[in-house]
Amino acid sequence: MIQIPSDLHPDLLPLAFLLGDWAGAGVTDFPGAEKANFGQEVSFTHDGRDFLEYHSHSWILDSEGNKGRALESEAGFWRIDKDRKVEVVMVRDDGVVEVWYGELADKKPQIDLATDAVARTAASGPYTGGKRLYGYVKSDLMWVGEKQTPEVPLRPYMSAQLKKVVSPEEVAEMARNLPELPDDGIAFFK
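Below, the structure written as structure tokens:
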């Protein structure tokens, strides 16, 4: 269920489906790098101004699904205008700064983004741009990323399925708002 905070800037209503903390797993595969499963935590927050703040941390998962070495971290700011155009400014731990532009799909919570500008530090690896697709599907946040380098044309490199993380306070609120259940509990599911 999508909850809209009362202090959310009105311009951000179309992006409300992103709000919250998300966690899940995905796959990374790109020429020159190890193909692996990864875990990810993502957070979209707001402070009442006209942007969402974004943080993402991912790590390699071992064959048993345990957390291994760090994979990548990102942080940024997301905005949307009255025409459903989305802009994102993002910085990554590998020394890449990106400006992304895209659009929120009509009548569904899906965002297509493409890089407009890329700046790299001397220490960063080769990278010339990318695309991303984010979607809210059956209460999950799903995304796929594509990237290109001077040597590799644009191709998918990461994708993940993330579930909403619920805090103990949110569980307590849900419990307070549960409908009255019948004694056997089974009728609730009919």
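The numbering of the sequence shown is UniProt numbering, which starts it at 1 and goes up by one. Glycine included, every Cβ here is placed at the ideal spot set by N, Cα and C.
- In this structure, the beta-carbon distance from K131 to A117 does not fall below 8 Å.
- When Cβ pairs closer than 8 Å are counted between the two stretches, the stretch 3–11 is seen not to touch the stretch 120–139, the count staying below three.
- Of A23, L15, S6, the smallest CA-CA separation from S167 is found for A23.
- Taking C-beta separations shorter than 6 Å and ignoring five residues to either side along the sequence, the partners of E87 in its chain run R79, Y101, following chain order.
- In this structure I2 is exposed. Its beta-carbon is surrounded by fewer than 16 other beta-carbon atoms within 10 angstroms.
- The beta carbon of T149 lies closer than 8 Å to those of G125, P126, Y127, T128 in the same chain, with the five residues before and after it left out.
- In terms of CA proximity to E151, P31 leads the group P31, L19, I4.
- For A122, the closest alpha carbon among the candidates V96, S139, E103 is that of V96.
- Between W59 and G76, the C-beta gap is not smaller than 8 Å, which leaves the two residues out of contact.
- For E41, the CB contacts under 6 Å within the same chain, skipping 5 residues up- and downstream, are A23, H57 in chain order.
- With a contact defined as Cβ atoms closer than 8 Å, E146 and Y136 miss out at about 20 Å.
- Selection T28, V89, D21 evaluated against S159 yields T28 as nearest (Cα-Cα).
- Residues of the same chain with a CB within less than 6 Å of the CB of M142, apart from the 5 flanking positions on each side, are G135, Q161 in chain order.
- For P156, the uninterrupted beta strand (DSSP E) segment begins and ends at 155–164.
- Linking D83 to K164 through their CA atoms gives a straight-line distance of about 28 Å.
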